[in-house]
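Participant: Line order of the protein sequences matches chains A and B. This note's numbering numbers the first residue of the first sequence as 1 and each following residue consecutively. This note's numbering numbers the first residue of the second sequence as 1 and each following residue consecutively. The structure follows.
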Amino acid sequence: MNANLAALLYLVSGILFILSLRGLSSPASSRQGNLFGMIGMAIAVVTTLAYKAPSGLSAWVLVILGIAIGGGIGAWRARTVKMTDMPQLVAFFHALVGLAAVLVAAGALYAPQAFGIGSVGAIHGASLVEMSLGAAIGAITFTGSIIAFAKLDGRMSGKPILLPQRHAINIALAAAAVILIGIFMATESHVAFWLIVLAAFALGVLLIVPIGGADMPVVVSMLNSYSGWAAAGIGFTLGNLALIITGALVGSSGAILSYIMCKGMNRSFISVILGGFGGETDAGAAGAVETRPVKQGSAEDAAYIMKNAGKVIIVPGYGMAVAQAQHALREMADLLKKEGVDVSYAIHPVAGRMPGHMNVLLAEANVPYDEVFELEDINSEFAQADVAFVIGANDVTNPSAKTDPKSPIFGMPILDVEKAKTVLFIKRGMGSGYAGVENELFFKDNTMMLFADAKKMVENIVKALGH
Amino acid sequence: MANEASKQFVDAVTAAAQNYADTLSAAAGSAAHAASGGAIDPFVFRLAIFVMAVFVGYYVVWSVTPALHTPLMSVTNAISSVIVVGALLSVGVDASTPGDDGPLWARIFGFIALILACVNIFGGFLVTERMLSMYKKKG
Numbered sequence: 001m002n003a004n005l006a007a008l009l010y011l012v013s014g015i016l017f018i019l020s021l022r023g024l025s026s027p028a029s030s031r032q033g034n035l036f037g038m039i040g041m042a043i044a045v046v047t048t049l050a051y052k053a054p055s056g057l058s059a060w061v062l063v064i065l066g067i068a069i070g071g072g073i074g075a076w077r078a079r080t081v082k083m084t085d086m087p088q089l090v091a092f093f094h095a096l097v098g099l100a101a102v103l104v105a106a107g108a109l110y111a112p113q114a115f116g117i118g119s120v121g122a123i124h125g126a127s128l129v130e131m132s133l134g135a136a137i138g139a140i141t142f143t144g145s146i147i148a149f150a151k152l153d154g155r156m157s158g159k160p161i162l163l164p165q166r167h168a169i170n171i172a173l174a175a176a177a178v179i180l181i182g183i184f185m186a187t188e189s190h191v192a193f194w195l196i197v198l199a200a201f202a203l204g205v206l207l208i209v210p211i212g213g214a215d216m217p218v219v220v221s222m223l224n225s226y227s228g229w230a231a232a233g234i235g236f237t238l239g240n241l242a243l244i245i246t247g248a249l250v251g252s253s254g255a256i257l258s259y260i261m262c263k264g265m266n267r268s269f270i271s272v273i274l275g276g277f278g279g280e281t282d283a284g285a286a287g288a289v290e291t292r293p294v295k296q297g298s299a300e301d302a303a304y305i306m307k308n309a310g311k312v313i314i315v316p317g318y319g320m321a322v323a324q325a326q327h328a329l330r331e332m333a334d335l336l337k338k339e340g341v342d343v344s345y346a347i348h349p350v351a352g353r354m355p356g357h358m359n360v361l362l363a364e365a366n367v368p369y370d371e372v373f374e375l376e377d378i379n380s381e382f383a384q385a386d387v388a389f390v391i392g393a394n395d396v397t398n399p400s401a402k403t404d405p406k407s408p409i410f411g412m413p414i415l416d417v418e419k420a421k422t423v424l425f426i427k428r429g430m431g432s433g434y435a436g437v438e439n440e441l442f443f444k445d446n447t448m449m450l451f452a453d454a455k456k457m458v459e460n461i462v463k464a465l466g467h
Numbered sequence: 001m002a003n004e005a006s007k008q009f010v011d012a013v014t015a016a017a018q019n020y021a022d023t024l025s026a027a028a029g030s031a032a033h034a035a036s037g038g039a040i041d042p043f044v045f046r047l048a049i050f051v052m053a054v055f056v057g058y059y060v061v062w063s064v065t066p067a068l069h070t071p072l073m074s075v076t077n078a079i080s081s082v083i084v085v086g087a088l089l090s091v092g093v094d095a096s097t098p099g100d101d102g103p104l105w106a107r108i109f110g111f112i113a114l115i116l117a118c119v120n121i122f123g124g125f126l127v128t129e130r131m132l133s134m135y136k137k138k139g
């Protein structure tokens, strides 16, 4: 196969990747898009094997072995992972891309002739820069994603860890990496290369540890973006179009998702990066103890109110997923629909722990996607709704985001549940939300609190509806 | 109203993205031409493709429905593992030269990178497929 044909085939696979993202513009075309992605990947792999065939039988054995081992593990994870654990899985996958970028850069450094970028001791200067940038970003992605994985998976506290002088340390590390890249370019020293990787490993850890659990959706998106830029860096080293296009696509995709998540929380990207926000506060312990009375209700009350309603909007939050209440919730919605009640779901942009997480969880519970609406599409309908049924969400419904300039969540877009005739609010107890803010909604006249575990409460409502 | 406006917006960006995709393939064609005879450094062409792909990504990703943002992340994960082409080059290097252990190291690095990338490729596409198959319409 000649180089031009190979380059054109890589271009084809790049275009197929663009189409795979394009397919995600609606659930109807999404699976076809995914198929395009798979075809693109197959073309890229086959082209590489045909254009620069592995030398000798031993290399072929390694290739087949590597694909079998990696593919087996990947397929197993994809089948067994729980949908609530998707953020961890995605963070873990980002780590793999990052480490793969580091290793490919190292491979190119140790055997440049195989990559067509010169020979040992005489690698082109530009290739050295691209290689070291790809490796550095990959290394940051790797350790950063491992930390994000540990935090999301509960293996590490979600509390921000604030080192003294952390900004100075980070700047020093970044400066060291830049100087090392300069040295590496001039000398092609392997030691300099590994020092760059080490500095980037440390930087990855230090960048993510100060970021609190509440900001994790941004972090996961940001690392998604980094993994793309790392791939693009390697793409420049290899002069590979598929890799350059994909890196650019993934890089901008992650950046856009980070932006959407930041907007959903009304946080600036810079302040998320600087960290220190979103530690789980000890509910009730801090500040004045709330003594105002709230209206309480039972499952039977809730069932009665909803049965006689014309329009119910369900507002699910991550708490619903933690309690695994989504299946019971869908059962409840089915019963209500049988009674002639119009049921829809309202999703806040940061309702889950990663972008779009809540939609997946509802889809898993067989909730049709055309009953699920985004904040901007449904917010005006709360005024016409008889019941807003809040389950496992808190801060995203807090009216003080609009009314109280002193509130830490002031300015965050919220779902206007208080405009519904009745608000049913399922909650374990009177604790405050993730952001540690008291919710004014609890004390409104039209709010009825349902204190219980989300799953139990919904199951009891289902029972009551059955009578 | 809002729905209609967003639909128009999506249509507009789709058209723009398609334009960009066309430009992109044209640019790639000229890159290949230049590589075979032109005097401009191939890096410049790669950079041009990169920059345009960033724009394509920008428009395409904005047209992704928010309901599918999680599958978007898992599929971008899978496609960024096209870095597997680098791993394949590295693992396939000729390691038979005596007295030079560079290629041997390249094989080791390449082999590990190949496994990692394949976990991602298979895991990413399959988990995306699993999620997408759960999205169903009413009735």
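We treat Cβ as the ideally placed atom computed from N, Cα and C, and that holds for glycine. On a predicted model such as this, the values are computed, not experimentally measured, just so you know.
(1) Taking the beta carbon of V46 of chain A as the centre, do at least 16 other beta carbons fall within 10 Å, making it buried, or is it exposed?
(2) Whole-angstrom Cβ separation of Q326 of chain A and L362 of chain A, contact assumed at under 8 Å?
(3) According to the neighbour-count rule (16 or more other Cβ atoms, all chains shown, within 10 Å of its Cβ), is E129 of chain B buried or exposed?
(4) Which residues in chain B sit within 8 Å of V166 of chain A, going by Cβ to Cβ distance?
(5) With a cut-off of 8 Å, do at least 3 Cβ pairs link the segment 211 to 220 of chain A to the segment 237 to 247 of chain A?
(6) With a threshold of 9 Å between beta carbons, is T187 of chain A in contact with chain B?
(7) In chain A, what lies closer than 8 Å to V75 of chain B by C-beta?
(8) Let me know the secondary structure DSSP gives A122 of chain A once reduced to three states.
(9) Closer than 7 Å by beta-carbon distance: list the chain A residues that pair up with I40 of chain B, in chain order.
(10) For A328 of chain A versus E459 of chain A, is the C-beta spacing smaller than 9 Å?
(11) Less than 9 Å between CB atoms is the rule here; does P484 of chain A satisfy it with respect to chain B?
(12) Here's the rule: buried if 16 or more other CB atoms are within 10 angstroms of the residue's CB, otherwise exposed. What is T447 of chain A?
(13) Among B:Y135, B:V127 and B:M52, which one has its Cα closest to the Cα of R79 of chain A?
(14) Please report the straight-line C-alpha distance between G110 of chain B and M358 of chain A, rounded to a whole angstrom.
(15) When you compare the CB positions of A95 of chain B and S55 of chain A, do they come within less than 9 Å of one another, or not?
(16) Can you name the residues of chain A whose CB is closer than 9 Å to the CB of A48 of chain B?
(17) Roughly how many angstroms separate the alpha carbons of V97 of chain A and G319 of chain A, rounded to a whole number?
(18) Against chain B, with Cβ distances strictly below 9 Å, would V390 of chain A count as a contact?
(19) Using C-beta distances below 6 Å, list every residue in its chain close to L465 of chain A, excluding the 5 sequence neighbours before and after it, in chain order.
(20) Taking CB distances under 9 Å as the criterion, tell me whether T237 of chain A reaches chain D.
(21) Residues of the segment 60 to 78 of chain A in Cβ contact with chain B at a cutoff of 9 Å, in chain order, please.
(22) Counting only Cβ pairs nearer than 8 Å, list the residues of chain B close to F17 of chain A.
(23) Does the distance from the C-beta atom of M412 of chain A to that of M131 of chain B stay below 9 Å?
(24) Any beta carbon of chain B sitting closer than 9 Å to that of K311 of chain A?
(25) On a Cα-Cα basis, can you pick out the residue from A:P405, A:K311, A:A365 and A:E364 that is closest to E339 of chain A?
(26) Of all the CB atoms in chain B, is at least one closer than 9 Å to the CB of V220 of chain A?
(27) Hey, does A363 of chain A have any beta-carbon neighbour from chain B nearer than 9 Å?
(28) Determine the contact status of A139 of chain A and G204 of chain A, defining contact as a CB-CB distance below 9 Å.
(29) With three or more beta-carbon pairs closer than 8 Å as the criterion, would you say the segment 117 to 125 of chain B touches the segment 66 to 79 of chain B?
(30) Distance, Cα to Cα, V51 of chain B vs A242 of chain A?
(31) Quick check on the burial criterion: 16 or more other C-beta atoms within 10 angstroms. Buried or exposed for A288 of chain A?
(32) Would you tell me roughly how many angstroms separate the C-alpha atoms of V220 of chain A and P87 of chain A, rounded to the nearest one?
(33) Give a yes or no on whether the minimum CB-CB distance between P413 of chain A and chain B is below 9 Å.
(34) Closer than 9 Å, CB to CB, is F410 of chain A near chain B or not?
(35) Name the one or two DSSP bridge partners that T447 of chain A has.
(36) If you measure from the beta carbon of T403 of chain A to each beta carbon in chain B, is any gap under 9 Å?
Facilitator: Working from what's here:
(1) exposed
(2) 6 Å
(3) buried
(4) A small fix is needed here, since residue 166 of chain A is Arg in this sequence, not Val. The premise fails here: R166 of chain A is roughly 28 Å from chain B at the closest Cβ pair, so nothing lies under 8 Å.
(5) no
(6) no
(7) S20, L21, L24, G33, N34 and G37
(8) strand
(9) None at all; the shortest Cβ gap to chain A is about 14 Å.
(10) yes
(11) The requested residue 484 of chain A is not part of the displayed model; chain A covers only 1 to 467.
(12) buried
(13) B:V127
(14) 38 Å
(15) yes
(16) Per Cβ cutoff of 9 Å: no residues; A48 of chain B is ~10 Å from chain A at best.
(17) 31 Å
(18) no
(19) A303 and L335
(20) Absence of chain D from the displayed structure is noted, the protein chains being A and B.
(21) W60, L62, V63, L65, G66, I67, A68, I69, G70, G71, G72, I73, G74, A75, W76, R77 and A78
(22) I79 and V82
(23) no
(24) no
(25) A:K311
(26) yes
(27) yes
(28) yes
(29) yes
(30) 14 Å
(31) Because the pLDDT at A288 of chain A is just 47, under 50, the model does not fix this residue reliably, and the point stays unresolved.
(32) 7 Å
(33) no
(34) no
(35) A:V423
(36) no
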